[in-house]
Amino acid sequence: MDMQKNYDPKEFEDRLYKEWMDKGYFRAEADPAKIPFTIVIPPPNITGQLHLGHALDNTIIDALIRFKRMQGYAALYLPGCDHASIATEVKIVEQMKAEGLTKKDVGRDGFLERAWAWKEKYGGRIVEQMKKMGVSCDWSRLAFTMDENCSRAVREVFVNLYEKGLIYRGDRIINWCPSCKTALSDAEVEYSEEDSFFWHLKYPVKGSDESIVVATTRPETMLGDTAVAVNPKDKRYAHMVGKTLVLPLVGREIPVVADDYVDMEFGSGAVKITPAHDPNDFEVGLRHSLPVIRVMNDDGTMNEEAGAYCGMDRYAAREKIVEDLKACGALVNIEPHKHNVGHCYRCHSTVEPIVSKQWFVKMAPLAKPAIDAVARNKIKFTPERFAKIYFNWMEGIKDWCISRQLWWGHRIPVWYCADCGEMTVSKTDPSECAHCHSKHIHQDEDVLDTWFSSALWPFSTLGYPDKTDDFNYFYPTDVLSCGYDIIFFWVARMIFSGIEHTGKVPFRDVLLHGIVRDEQGRKMSKSLGNGIDPLEVIGEYGADSLRFSLISGVGPGNDTRYSRTKVEAGRNFLNKVWNASRFVLMNCEGMKVPPLSEIRLSPADKWIVSRLESCIREVTLNMNKFELGIAAGTLYDFLWSDFCDWYIELSKNALYGGDEGKKAATLGVLCFVLDNALRLLHPFVPFITEEIWRNIPGNEGKSIMVAEFPRYNAKLAYKKEAKAFEPVMDIIKAVRNMKTSVNCPPSKKVKLYVSVPNRRVVQANAGSVLKLAGASEIAFVESGADVAEKTMSQVTETCTVYVPLGELVDPEKERARLSAELDRILGEIARADGKLQNRGFVEKAPRALVEQERAKLEKFIGMKEKVEAQLRELE
RNA sequence: GGAGGCAUAGCUCAGUUGGUUAGAGCGCUCGCUUCACAUGCGAGAGGUCGUAGGUUCGAGUCCUACUGUCUCUACCA
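Just so you know, my numbering puts the end of the first sequence at 916, numbered straight through with nothing missing.
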């Protein structure tokens, strides 16, 4: 046994990980003799490197997986990455821009070549990072959302949904990012409140002096207006309905229509209708058969429909249009206004609602069973409150726009025929049109929303659409753990996809965690530059310290702050565990350590074994409830307080007392407790526990990774015995207490008088008491009256301890100390009193200051009385 | 507009189904070269648990209202 004085994770983490890999401990196989336990990773985007959020994901999942594996389950942690269509494409466009290239320059194939190269580089880096974290993934199953099987699943699902009429193509209002030049789903738009204006515009009625005032936050869209709507019940406008307005600047004649959509109370009660650029207006347009006039190009410039403004950027056009409206008298006024503006979640450009031909998933039929599954508890959210958020979103869900005008992703499996114009939707690449057999077909240029493939992750990674043995064994998965920020993007979509395509819910538990924030509570982001690289933390403190700090003190669903001091606290704890183990193992050298079953347990032994059992129970219970923070905290307290501070200190008497039999027995208990505690701790901090555990006598050549997780043993609970042991600790605490309170050095040996109902247990541990309390001898008494000397005493829950005053303090020294203290206090009293006697101070100084001074005076008077009393005691 | 979270020690947070004297880490004070560990040991100080009500034998915990704060969500032109 050769352990360094200080815990140094660098020395063994990489070595152990490699060993685990070599021995194949991470591999999970379909084993009929075992119960499966599966978690699929929330696949990180290949856009870059992992951050602390991923570190938290991995720590939680790995802790659960290791826990279950040790309990004998066929535990599968399935790793992989997401191609992250739009996010990656943005990165690659940036990369090309640095080289002076555009997508057009390199073409689709050239672009995809770069994308795959990117994937190789960053996907590989992510895997390396995860390995550094110590996660026990089955790397033989490493998946990628665009690998062969996932792609097959995507096509299968797309075609099936299409054939059921649940995927359709059509012109709808979608969110358009003019910078990424693609459509976005509703979930991909982030709203933020911005200061803007209401521009009130006046549209004249044709052939009349009348006009209608409408308001807009996007004046440039007025070029595409094809009506003005009023509420049918609105008496103010009743006579206007059906009349014709002349659109300023454009001169187009547009009708006034009546529609319930209009809120009479809001603004002027009249709304300009721009079907091509607003989702509500689009609906109104459908109801009134209004023309749809799109005035903007895909890049955010105005198109030929915009007439004189054609070619101008949307914001330049806005300025010019406002100017021109003002010039022609159509601008009534401008009113400051705050409103929510949607931004692209990847590039943060302002999105434009635009009418566009896209592919959609019809959501209503899919949402219903997905809602039922959660409502009927087939899927349980932890914490439960997130189920409400899920219901809220699912119940109001709209059709999902799945086509993206991007190149990196799953290309839509639809081919258009140049001859007959029909579509061929196929799982495999067709060579001819399914309708007219023409060879002149071309595939849809667009790719699918990246979340379309993520939605299939729990089954596409396990062999779907094939019903493989793996699929049958490991699916449905057990727990899905991720941040609450992707409930809509990912969790919800996996749920309805799993039910629809496999007929089963994809997982039984959804365990949500919060966001890892920086020390000041801010979200970590590139723009703030406050991101933390897990690898740097690991380099400095080791993976175990990072894991432990991420998991401790955090409940499910709660945000957490990263801080260096927290990692340090974790490291300090592990150093403590390291040294406690070093102590135990050093003492084992050259000894034959008996198993617990062969040891006659002392009261102290029974106490620590009892504490261990209750720790096992607590940890197991909390792991099962996903309360990892509580489980980790329980272990922290057990190891540091019970094991190190008490039992190890108590054991020294037996170890060093010269009785070889006692020594061996005590070592047996120390090893038993340490062995169990390490196994309990292993899911959280795999490396250090492995490094130590295999050195415990009897564990040679074995691995803690595949050792059994401790099981609560009622026979070892020793509740009564543990309770009976308490006076021993109480006596020690009481003596330490008294010594400190009178400034007596801990090393000064004092005589003790103890009044305790059960003398036997104290007697049996007298050696420990003398050592830990710093005492010379113990005498038992019935009460204080039996003690002849003048004493100081302390009453505890289980006993009363008396210490002769003369033993505690050197009367001369103590008198001198107290006199000096008294002098100082008297000086303070004089000073404060003088100040308060000064009328100028009392009247003119801030009241708080005067109060403070009064309080000080009172405090010092109190202290004076106590010290005087102590002096009298010494006489 | 709707929904939800949070509010506990100087700071960051635990507190599991309501049950003695509300805990931890860091910081602070005092004392320790105690033979595993100064990344440590021992002893402390510090909280009317956001405010006001209510339910209860009993409330940090449950209910109501309010205040502050953060977040999600929504089509108010």
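Here a beta-carbon is modelled for each residue, glycine too, at the ideal position from N, C-alpha and C.
Report all residues from its chain with a CB closer than 8 Å to the CB of Lys31; omit the five preceding and five following residues, and keep chain order. Because the chain is modelled from 42 through 916, residue 31 falls outside the range shown and cannot be assessed.
Quick one: grab the DSSP three-state call for Glu294. strand
Go ahead and pull the three-state DSSP assignment for Leu57. helix
Beta-carbon separation (whole angstroms), Val532 vs Val551, contact threshold 8 Å: 6 Å
Quick check: the region 833-845 against the region 779-797, are there 3 or more CB pairs under 8 Å? yes
Distance between beta carbons of Glu54 and Phe728, contact taken as under 8 Å: 5 Å
Which residue wins for smallest C-alpha separation from Lys75, given the options Tyr48, Met111, Glu130? Met111
When you compare each of Phe401, Leu372, Val747, Ile482 to Pro245 by their alpha carbons, which one comes out closest? Leu372
So, with DSSP's three-state summary, where would you put Glu830? coil
Own chain partners of Val634 with C-beta closer than 7 Å, once the 5 adjacent residues on each side are dropped: Ala705, Leu708, Gly709, Cys712, Pro738
Alpha-carbon spacing of Trp619 relative to Pro798, whole angstroms: 39 Å
Return the first residue and the last residue of the beta strand (DSSP E) that Arg929 is part of. No information on residue 929 is available, as it lies outside the stretch 42 to 916 that the chain covers here.
At what residue ranges does the region 242-272 contain a whole run of the alpha helix (DSSP H), taking only runs of 4 or more? none
Closer than 7 Å: is that where the CB of Lys812 sits relative to any heavy atom of the ligand ATP? The model depicted lacks the ligand ATP and carries no ligand whatsoever.
Residues in the same chain with beta-carbon distance under 7 Å from Val726, minus the five sequence neighbours each way, listed in chain order, please. Asp585, Arg588, Phe589, Leu615
Per the contact definition of three or more C-beta pairs closer than 8 Å, is the region 797-814 in contact with the region 683-699? yes
Does the pairing of the region 654-667 with the region 746-754 give three or more beta-carbon distances under 8 Å? yes
With a threshold of 8 Å on Cβ separation, who are the neighbours of Ile82 within its own chain once the five nearest residues in sequence on each side are excluded? Asp98, Asn99, Ile102, Tyr118, Leu119, Pro120, Gly121, Cys178
Excluding the 5 residues flanking Ser788 on each side, which residues of the same chain have their C-beta closer than 7 Å to its C-beta? Gly815
Is the CB-CB distance between Thr342 and Arg359 below 8 Å? no
Please determine, among Asp771, Val783, Gly283, the residue with the shortest C-alpha to C-alpha distance to Asn806. Asp771
Going straight from the alpha carbon of Ile375 to that of Ile362, what length do you get? 13 Å
Tell me whether Gln835 sits in a helix, a strand or coil according to DSSP, three-state version. strand
Use the C-beta contact count for Cys369: other C-beta atoms within 10 angstroms, 16 or more gives buried, fewer gives exposed. exposed
Closest to Glu161 by C-alpha separation, out of Ala115, Thr129, Met281, Val287, would be which residue? Thr129
Would Thr262 pass as a contact of His318 if the rule is Cβ separation under 8 Å? yes
Need the endpoints of the alpha helix (DSSP H) that Cys191 sits in, please. 189-204
Any idea what DSSP makes of Pro377, helix, strand or coil? strand
Can you find at least 3 beta carbon pairs, one from the region 495-508 and one from the region 185-202, that sit closer than 8 Å? yes
Can you tell me whether Gly164 is buried or exposed, with buried defined as 16 or more other CB within 10 angstroms of its CB? buried
Given 8 Å, three or more beta-carbon pairs between the region 517-525 and the region 488-495: no
Reducing DSSP to helix, strand and coil, say where Cys629 ends up. helix
Should Ile215 and Ala224 be called a contact, given that it needs their Cβ atoms to be closer than 8 Å? yes
What are the uninterrupted segments assigned as alpha helix (DSSP H) that are 4 or more residues long and contained completely in the region 660-737, given in chain order? 669-678, 690-697, 701-722, 727-734
Roughly how many angstroms lie between the CA atoms of Ser249 and Val282, to the nearest whole one? 14 Å
Determine the extent of the alpha helix (DSSP H) in which Lys439 is found, giving its start and end residues. That residue, Lys439, is in no alpha helix (DSSP H); it is neither H nor E in DSSP.
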